[in-house]
Amino acid sequence: MPDQAIDTLLSEERRYPPSPAFAAQANAQPEIYDLSFEEFWEQEGRERVTWFEPFTELYRWERPYAQWYLGGKLNVAYNCVDRHVEAGNGDRVAFHWEGEPADDRRTLTYADLQAEVVRCANALKELGVGKGTAVGIYMGMVPEAPIAMLACARLGAPHTVVFGGFSADSLSDRLNDMGCTVLITQDEAWRRGAPVPLKRTADEALALSPGVTKTLVLRRTGNDVPMTEGRDHWWHETGSEADCPCEPMDAEDLLYLLYTSGTTAKPKGIAHTTAGYLVGAASTHHYIFDLKPETDVYWCAADVGWVTGHSYIVYGPLCNGATSVMYEGTPDYPDKDRWWEIAERYGATILYTAPTAIRAHMKWGPEHAAKHDLASLRLLGSVGEPINPEAWVWYHEHIGGERCPIVDTWWQTETGMILITPLPGITTTKPGSATRPFPGVDAAIFNEQGEEVGPGGGGYLVLRKPWPAMLRGIYGDDARYKETYWSKYDDVYFAGDGARIDADGDYWLLGRVDDVMNVSGHRISTIEVESALVDHHDVAEAAVAARADALTGQAIVAFVTLKGGVDGSVEKLEELRSHVAAKIGPIAKPANIVFAPELPKTRSGKIMRRLLRDIAENKPLGDTTTLADPSVVDELRLRGADEAAKDD
Ligand code: WTA
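Residues in the sequence shown are numbered from 730 upward in steps of one, following the numbering used here.
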């Protein structure tokens, strides 16, 4: 974020104190901050989950590896489903599901969910899945996605969910890295009125993933898809209602891997284990969303393919017995009021979404929300990227009717749970600030030298103590785990985000400080996009940087040198964008491509990314004295300016 923007941010003077009525009924009361780290997590470990065998040791911290709730035995699916049915809440709605096509709706109670999870778990067993079998899940936003995840958890089979927008290559890389032998997918998904060919893409991926020998395929759109005899099995033709006991799992058994972009071309398999993850997700969900399971209708409008979907559509809410809304499609299909129509229909009380979505609604205008009665809403949340104060205030006014507290929640795939957030009913919020560390979370801001900065200071966000849902490592790559998170400072987790702390001690998250971009709340690595570009036969060299974008937060700008020094055409530009989409997924398509005869390099031949960032941002250039050929930059600036003009 440019310095000037940061100063404007920190001069934000609007304050939103909690209303006495909200405070009086809130799950979080001020004393929560008085509990010690141990007291808080001990209490949460006992209150949020049901153990088959209780834990005997709260945590063990063998830096940089933590273990939590040692000795405990439990099953995540039992906690998220069966125990609610056993407690007499089988009739409570777990999901109000809304398909994208009009009038395509389903309601699943907890009893329905239990029956479906058992059926799917039995189907997986028939395909040879048992404790420890790695299973890939490549689906859209259908109830069967959480059902598949829970079926895996029931059997003790770790899963990796791959976002349905990822390409065959991305899917195959993840399946291979985890060693998956089974893939769960669907014929097609609906998106903006068109079918998305998930099975076809899965088939392409499986050609590169011979380790996957069985698939389970859900029929969603019903269009014909090729099925491979002996390998592919229809969801509706397999499984049974026969008893399927929940496998007792050790607290530290692997629950899932979720791949996320880092600063190299290869995504990292972030490992989350059973007990600590579930306690962390459920505890944060309980206090931050103030969930009252009997009366709330909670809607997290993320996709299950991302960590927000894992922790706050599936594991946290279901563990807490929540009634959730789940929606398959895009917010503007068939009309721009689709979300608000859904919120009104189910009487949503809590809405959790990303700033990019809020900015899109802002752009479309408040009249779409105004057509619907949103009086049921009582709490709003934001996640995934810094929220600009204008979007925050718009959300508060036009969606929250000026009565709903907003929780701006900072966290990561790696953290598994929200770590910095207001607590509704306690915290006075400021538009743009994620405010405070959650109870039991020891966050700080360090300067370059590793000293903690006080109020008014800025630097890097770090965590000094472990937390239950923290990643247990990067799958198969200990060295990278240590290098990425634990090498900048000794024994302190480095999140990769810049942050400031204001005079009141509130945190302001300023975005990534590494080569990770954040486009519409999705993490994309510059190097990953560069590798996809140089994979194209006409590309000699590519460098990628992000620029600020009013809608998507950041947008990807690629600087490309074509082979033989030829100049790029509009057709070539489109071809390269499509190539990136095919290699990674449409979310990674560069917004702009600047063709250049040469990229700026140091005399030792390293591409000067800092300069490219400045060019992409149209900022004054810093020191260029180390450049091998300074004229390259002038040329690029000219071309970059042309691109920007085209974009407008
Ligand atoms: C960014 C998403 C500012 C941050 C849950 C982090 C945020 C990255 C916020 C993780 C927020 C997430 N304010 N920035 N409230 N929430 N981020 O792994 O840069 O997809 O490091 O997890 O998103 O993205 P991830």
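Heads up, the beta-carbon is just placed ideally off N, CA and C, and yes, glycines get one too. Treat the numbers as computed from the prediction; the structure is a model and nothing was measured.
Secondary structure of residue i, DSSP reduced to three states
i: E1212; result: helix
i: N851; result: helix
i: Q1283; result: strand
i: P749; result: helix
i: E1413; result: No answer is possible for residue 1413: the residues shown for the chain start at 730 and end at 1377.
i: R796; result: Before going on, a small fix: residue 796 reads as Gln here, not Arg. Strand.
i: L1103; result: coil
i: L1152; result: coil
i: Q1141; result: coil
i: W1237; result: strand
i: L1291; result: strand
i: D1377; result: With a pLDDT of 38 at D1377, under the threshold of 50, the modelled position of that residue is not reliable, and no figure is offered here.
i: F769; result: helix
i: M878; result: helix
i: T918; result: A small fix is needed here, since residue 918 is Ala in this sequence, not Thr. Three-state DSSP puts A918 in a strand.
i: L1192; result: strand
i: A816; result: helix
i: L1356; result: strand
i: R835; result: strand
i: T930; result: helix
i: V1361; result: helix
i: C809; result: helix
i: T1164; result: strand
i: E845; result: helix
i: L1383; result: Outside the displayed span of the chain (730 to 1377) sits residue 1383, for which this structure offers no information.
i: A923; result: strand
i: K802; result: strand
i: C1048; result: helix
i: E782; result: strand
8 Å contact criterion, which residue i and residue j should meet: CB distance rounded
i: L884; j: K854; result: 7 Å
i: C849; j: G968; result: 6 Å
i: F892; j: G1034; result: 3 Å
i: L927; j: G869; result: 7 Å
i: E768; j: S1012; result: With 8 Å as the limit, E768 and S1012 do not qualify as a contact, their Cβ atoms being about 13 Å apart.
i: E1143; j: L1200; result: 4 Å
i: R1338; j: P1319; result: Not quite, the Cβ-Cβ distance comes to about 15 Å (not below 8 Å), so this is no contact.
i: T914; j: A936; result: Not really, about 14 Å apart at Cβ, beyond 8 Å.
i: T1213; j: G991; result: 6 Å
i: N851; j: C973; result: 5 Å
Given residue i as reference, the closest of the options once Cα atoms are compared
i: L1365; options: A1000, T785, L1340, T1355; result: L1340
i: G1314; options: T1353, S896, E1057, A1320; result: S896
i: T1158; options: L1108, G861, G1183, A877; result: L1108
i: L986; options: I999, T993, K995, A980; result: I999
i: L1356; options: T1331, T942, R835; result: T1331
i: K1348; options: R1276, K1292, F1324, G1297; result: R1276
i: I761; options: Q1141, S938, G1169, E1270; result: G1169
i: S901; options: I1336, V941, P875; result: V941
i: F1018; options: T1138, G991, K997; result: T1138
i: F784; options: W770, E1346, A1051, P793; result: W770
i: G1227; options: V1242, K997, L803; result: V1242
i: A1173; options: K995, P793, Y1222; result: Y1222
i: S740; options: S1260, I1230, V1362; result: I1230
i: T989; options: W1121, V1362, I1253, I1336; result: I1253
i: L803; options: V1263, D841, A1077, M978; result: M978
i: G1188; options: A863, D1343, G1179; result: G1179
i: I1289; options: T1281, L764, V871, V1309; result: Reading off the sequence, residue 1289 comes out as Val, not Ile. Comparing Cα-Cα distances from V1289 to each of T1281, L764, V871, V1309, the minimum goes to V1309.
C-beta neighbour in chain B for residue i, strict 8 Å
i: A1287; result: This model lacks chain B altogether, as it is built from one protein chain only.
Residue i: CB within 7 Å of a non-hydrogen atom of ligand 2
i: S1111; result: Absent from the structure shown: ligand 2. Ligands present: ligand 1.
TODO: Check whether the region 1151–1158 touches the region 754–765, taking contact to mean three or more Cβ pairs, one atom from each stretch, closer than 8 Å.
DONE: yes
- [ ] Check whether the region 1038–1047 touches the region 1014–1029, counting contact only when three or more Cβ pairs, one atom from each stretch, lie closer than 8 Å.
- [x] yes
Task: Three CB pairs or more closer than 8 Å across the region 910–922 and the region 943–958 - done: yes
Open item on the list: I want to know whether the region 1076–1091 touches the region 1102–1122 - three or more CB-CB distances under 8 Å.
Closed with: At 8 Å Cβ cutoff, the stretches touch.
TODO: Would you check if there are 3 or more beta carbon pairs closer than 8 Å linking the region 828–847 to the region 1045–1060?
DONE: With the cut-off at 8 Å, the region 828–847 and the region 1045–1060 touch.
- [ ] Please list the segments of the beta strand (DSSP E) lying wholly inside the region 942–1005, counting only runs of 3 or more residues, in order along the chain.
- [x] 943–947, 961–963, 983–989, 997–1002
- [ ] Say whether the region 1089–1096 touches the region 1130–1137, bearing in mind that this needs 3 or more beta-carbon pairs closer than 8 Å, one atom from each stretch.
- [x] no
TODO: Go through the region 1303–1340 residue by residue and report every complete run of the beta strand (DSSP E) that reaches 3 residues or more, in order.
DONE: Runs found: 1321–1324.
Task: Any 3 or more C-beta pairs closer than 8 Å across the region 1276–1286 and the region 1243–1250 - done: Yes: the two stretches touch, three or more of their Cβ pairs being nearer than 8 Å.
Open item on the list: Suppose only complete runs of 3+ residues qualify. What are the beta strand (DSSP E) ranges in the region 1054–1127, listed by chain order?
Closed with: 1079–1082, 1108–1112
Open item on the list: For the pair the region 1161–1181 and the region 1226–1244, tell me if three or more CB-CB distances fall below 8 Å.
Closed with: yes
Task: the region 1138–1150 / the region 741–753 touching (three or more Cβ pairs under 8 Å) - done: Under the three-pair Cβ rule at 8 Å, the region 1138–1150 does not count as touching the region 741–753.
Task: At least 3 beta-carbon pairs within less than 8 Å: the region 1170–1187 vs the region 774–791 - done: Touching, no, given that fewer than three Cβ pairs across the two stretches are closer than 8 Å.
Task: Contact between the region 966–985 and the region 1000–1020 (3+ Cβ pairs under 8 Å) - done: yes
Task: Sequence ranges, alpha helix (DSSP H) only - wholly within the region 1237–1273, length at least 4 - done: 1255–1263
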